[in-house]
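Heads up: the structure comes next, in structure tokens.
In our numbering, the protein residues as written are 805 to 1267.
Below, the structure is given as structure tokens:
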């Protein structure tokens, strides 16, 4: 089949590469000429495991092209995928200007039947706006050309997107035209062989399904973070609570890991957008607002623990940070907890030595002139001349470090773990003070109260 993808960001590139992998001829269109030039040189602008190989293989085979030529893209594919960004507006709503700009371009150039596929995460009712925009563009040209608009939301996890696309758990198709459903079913046939994963529904339900899914997952995370904060006050260990809860099959273990808050391009934006859309329709989505409020508070937990530990005197301190991306296996730092911590530390007069396996270039882009930030080439290098270690991302290489080296490197042997990677009692055997999330019982058993290597007594332990 011939497919056109508008947008060469995360969703567009993964969709285009995976569709080309199964033999389709895909043209990716983007107005960012620099990005298209990079892609045509074989450079992939984002990190996603396996994506560079997929793109290289299908470009070489002639099945995947990148262009800035909108007219070429509209002429190429029966299926016109809209996979552009929907950044949050100032009021939290999803900004649809890029989506509607693509719709206008399609309507301005199409000369035959087209199926427009909304792949971007968009509010309920967006398909109607896309239809109206295309129809308006056609009327300006005095053309009456048939088209259909479909909601086909993506469910890709950063770090596992290729596998998610090639082996989907479900394929949601939202359309009011049975013929269009069958055409999309045929397009997705290579991904739908073992059992039928296609779920067909009306357009508005499909649009809401994406928001509902992300909001549910964000709710589980905020719920566990709320429980973790309660566990600390009660002297309980949230990791034991988590295991006890997850053993109930009605609850399960997915997304019940407490931590330093969720980030990324989806959960924060989508929770806010869903709450705002409900508000605009006269409904107060209190739970959605609470989910966001808990998450925002959780992102400040490590700073609070650091501040209490050092008696509120962070000026002149150097904090080593392991992990900058919002989750492992990506370089994405959008709404990452690391950014909240670093900016709070700088405001308090501290400096940061940071390391991440993939997000160093993104950090340089975000903080190009920040002289209070030193980016290090390894986790061990980040520890040098640091007073404490904070962990924000659960990369595999951080799971079993040399604790003796950590203790010897830090002026104060203390770890602030935003992802609960370690056994508190094991660290206590090294004389390392360990602050985690919701591990009240374990934290109390940790007590290296001797002087540090500079002869300075550690501060309070009641974070």
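Idealized CB from N, CA, C, for every residue including glycine.
All values reported here derive from a predicted model rather than from experimental measurement.
Local Cβ density within 10 Å of residue i, reported as buried at 16 or more and exposed below that
i            : result
residue 1038 : exposed
residue 1047 : exposed
residue 1091 : exposed
residue 820  : buried
residue 780  : The chain is shown only over 805 to 1267; residue 780 falls outside these bounds and no answer can be derived.
residue 1026 : buried
residue 917  : exposed
residue 1044 : exposed
residue 1146 : buried
residue 1166 : buried
residue 1230 : exposed
residue 837  : exposed
residue 884  : buried
residue 1057 : exposed
residue 1099 : buried
residue 932  : exposed
residue 858  : buried
residue 986  : exposed
residue 999  : exposed
residue 966  : buried
residue 1246 : Any reading at residue 1246 is ruled out, since the residue's pLDDT is 43, under 50, leaving its predicted position unreliable.
Backbone secondary structure at residue i - three-state DSSP
i            : result
residue 1072 : helix
residue 884  : strand
residue 984  : helix
residue 1221 : strand
residue 1041 : strand
residue 925  : coil
residue 893  : coil
residue 850  : coil
residue 898  : strand
residue 1004 : strand
residue 978  : strand
residue 1134 : coil
residue 1101 : helix
residue 989  : helix
residue 920  : strand
residue 995  : helix
residue 1295 : This structure cannot speak to residue 1295, because the chain is shown only from 805 to 1267.
residue 1080 : helix
residue 826  : coil
residue 914  : coil
residue 939  : helix
residue 1229 : helix
residue 1057 : coil
residue 1089 : coil
Through-space distance from residue j to residue i, alpha-carbon basis
i            : j            : result
residue 816  : residue 969  : 12 Å
residue 1157 : residue 1217 : 16 Å
residue 995  : residue 844  : 27 Å
residue 978  : residue 1112 : 51 Å
residue 854  : residue 864  : 16 Å
residue 1153 : residue 1186 : 18 Å
residue 962  : residue 935  : 30 Å
residue 871  : residue 1061 : 42 Å
residue 1029 : residue 1222 : 11 Å
residue 818  : residue 830  : 12 Å
residue 840  : residue 834  : 7 Å
residue 1215 : residue 1194 : 14 Å
residue 805  : residue 902  : 26 Å
residue 1007 : residue 973  : 20 Å
residue 860  : residue 1114 : 50 Å
residue 1050 : residue 1065 : 20 Å
residue 1083 : residue 1019 : 16 Å
residue 1124 : residue 1180 : 10 Å
residue 942  : residue 1161 : 49 Å
residue 1040 : residue 1241 : 11 Å
residue 1135 : residue 1129 : 5 Å
residue 1228 : residue 1237 : 8 Å
residue 1116 : residue 1127 : 24 Å
Residue i - partner residues in DSSP beta bridges
i            : result
residue 1126 : 1159, 1195
residue 832  : 809, 870
residue 1178 : 1157
residue 952  : 919
residue 1237 : 1218
key: the region 1073 to 1084 contacting the region 880 to 898, beta-carbon criterion three pairs below 8 Å   = Yes: at least three Cβ pairs fall under 8 Å.
key: Touch test, the region 1099 to 1106 against the region 1205 to 1218, Cβ-Cβ under 8 Å, three pairs minimum   = Contact fails between the region 1099 to 1106 and the region 1205 to 1218, because fewer than three Cβ pairs, one in each stretch, are under 8 Å apart.
ask   = Does the pairing of the region 947 to 964 with the region 999 to 1014 give three or more beta-carbon distances under 8 Å?
value = For the pair of segments examined, the region 947 to 964 was found to touch the region 999 to 1014: the number of CB pairs separated by less than 8 Å reaches three.
query = Does the pairing of the region 1192 to 1206 with the region 989 to 1009 give three or more beta-carbon distances under 8 Å?
reply = Remark: fewer than three beta-carbon pairs, one from each stretch, lie closer than 8 Å, so the region 1192 to 1206 and the region 989 to 1009 are not flagged as touching.
inquiry  = Would the region 919 to 926 count as touching the region 833 to 851 if we require 3 or more Cβ pairs under 8 Å?
reply    = At 8 Å Cβ cutoff, the stretches do not touch.
ask   = Are the region 1170 to 1190 and the region 1083 to 1099 touching by the rule of at least three beta carbon pairs closer than 8 Å?
value = Not touching, per the Cβ criterion.
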